[in-house]
Amino acid sequence: METEQRLLESIRSGEQGAQQRLYERFAGMAMATALRYVGSQDAARDVVQDSFVSILTTISRFGYRGEGSLKAWVLRIVAHQAIDHLKRHDRLLLTDHLPEAAAEEEPDVGRVPPDVLNRLIAQLPTGYRTVLNLYIFQQLSHREIGQLLGIKPETSASQYARAKQTLARLINNYIKNNKL
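In terms of our numbering, the sequence shown opens at residue 16 and continues consecutively.
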């Protein structure tokens with residue numbers, strides 16, 4: 016497989032087909048990332064399309080930092096595009112005032128296939144899902160999430176805790192119903 020550095024050099028030199036190779040290499044991961052945030056195929060396709068427009072128009076300014084840095088940069092752009100999409104469509108509702116939820120038994124996530132886990136994450140309320148993704152997959156702190164979403168760090172932490180509780184309930188129900 017072509018290295019990220021070689022792919023970048025090809026794109027920057029204007030080599031025919033290089034942009035297409037970039038798209039083919041990262042489109043699947045970009046779609047999976049977008050789906051984790053927006054939850055619907057149609058919205059995810061829009062996010063991926065907007066993301067690649069942004070990627071291809073700003074790639075000349077990307078600073079390569081070793082193998083994996085291009086992938087991380089692409090997926091970070093997708094995550095930001097997904098959040099922008101949620102904000103534009105007024106579906107990113109975050110609140111400090113959440114009802115108390117009963118503690119849920121810690122699930123055995125390893126017993127759940129990855130595609131099922133992604134579907135369960137997609138069932139979370141948008142605010143929960145967004146904070147969970149930013150915290151787990153983007154590895155942002157609650158302070159950074161708060162700055163990105165325009166909320167207090169405490170709100171981010173609360174949304175994350177509720178997301179974990181809700182996801183644990185969904186996973187436990189899945190395991191129980193599928194007798195895994």
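C-beta atoms are modelled at their ideal positions from N, C-alpha and C, and glycine is treated no differently.
Query raised in the report: Leaving out the 5 sequence neighbours to the left and right, which residues in its chain are closer than 6 Å to Phe41 when beta-carbon positions are compared?
Result: By one-based count along the sequence shown, residue 41 stands at place 26. Hits under 6 Å: Val89.
Query - Anticipated Cβ contact below 8 Å, Arg144 with Tyr52, distance rounded - result: Numbered from its first residue, the sequence shown carries residue 144 at position 129. Numbered from its first residue, the sequence shown carries residue 52 at position 37. Contact flag correct, Cβ pair sits at about 7 Å.
**Report entry** Proximity to Ser75 [Cα-Cα], best of Leu50, Met46, Ser28
**Finding:** Translated into the one-based positions of the sequence shown, residue 75 becomes position 60. Measuring from the Cα of Ser75, the nearest candidate turns out to be Ser28.
Query - Length of the line joining the Cα atoms of Lys191 and Ile92 - result: Against the sequence shown, residue 191 aligns to sequence position 176. Against the sequence shown, residue 92 aligns to sequence position 77. About 37 Å.
Requested in this report: With DSSP collapsed to three states, give me the class of Ser55.
Outcome: On the sequence shown, position 40 is the one that residue 55 refers to. Three-state result, Ser55: coil.
Query raised in the report: Would you say Leu23 and Leu85 are within 8 Å of each other, going by their C-beta atoms?
Result: Position 8 of the sequence shown, counted from the first residue, corresponds to residue 23. Position 70 of the sequence shown, counted from the first residue, corresponds to residue 85. Contact flag set, yes.
**Report entry** CB-CB length for Leu50 against Asn133, believed under 8 Å
**Finding:** What you label residue 50 is simply residue 35 of the sequence shown in a count that begins at 1. What you label residue 133 is simply residue 118 of the sequence shown in a count that begins at 1. Going by Cβ atoms, the distance from Leu50 to Asn133 rounds to 7 Å, so yes, they are a contact pair.
Query raised in the report: Can you tell which of Ala33, Gln31, Glu30, Arg60 has the C-alpha that lies nearest to the C-alpha of Met44?
Result: On the sequence shown, position 29 is the one that residue 44 refers to. It is Arg60.
Requested in this report: Run the CB neighbour count on Gln162, radius 10 Å, all protein chains shown included, and call it buried at 16 or more, exposed below.
Outcome: Position 147 of the sequence shown, counted from the first residue, corresponds to residue 162. Under this definition Gln162 is an exposed residue.
Report task. Taking only the alpha-carbon atoms, compute the straight-line gap between Glu82 and Pro168 and give it to the nearest angstrom. Result -> Position 67 of the sequence shown, counted from the start, is the residue given in the question as residue 82. Position 153 of the sequence shown, counted from the start, is the residue given in the question as residue 168. Cα to Cα, the separation comes out at about 32 Å.
**Report entry** DSSP-derived helix/strand/coil call for Gly161
**Finding:** Your numbering for residue 161 matches position 146 in the sequence shown. Residue state, collapsed to three classes: helix.
Query raised in the report: Grouping DSSP H, G and I as helix and E and B as strand, with all else coil, what is Arg80?
Result: Locating residue 80 in the sequence shown gives position 65, counting from the first residue. In the structure shown, the three-state DSSP call for Arg80 is coil.
Query raised in the report: How about Leu139 and Leu101: are their beta carbons less than 8 Å apart?
Result: Within the sequence shown, residue 139 is the residue found at index 124, counting from 1. Within the sequence shown, residue 101 is the residue found at index 86, counting from 1. No, the Cβ-Cβ distance between Leu139 and Leu101 is not below 8 Å.
Query raised in the report: If we call anything under 8 Å between Cβ atoms a contact, is Asp11 one with Gln96?
Result: There is simply no residue 11 to check, as the chain begins at 16 and stops at 195 in what is shown.
Query - DSSP-derived helix/strand/coil call for Met44 - result: Locating residue 44 in the sequence shown gives position 29, counting from the first residue. Residue state, collapsed to three classes: helix.
Requested in this report: Please check the pair Ala178 and Val131, which I expect to be a contact at CB under 8 Å, by giving their CB distance rounded to whole angstroms.
Outcome: For the purposes of this step, residue 178 is taken as residue 163 along the sequence shown, with counting starting at 1. For the purposes of this step, residue 131 is taken as residue 116 along the sequence shown, with counting starting at 1. Wrong, their Cβ atoms sit about 17 Å apart, outside the cutoff.
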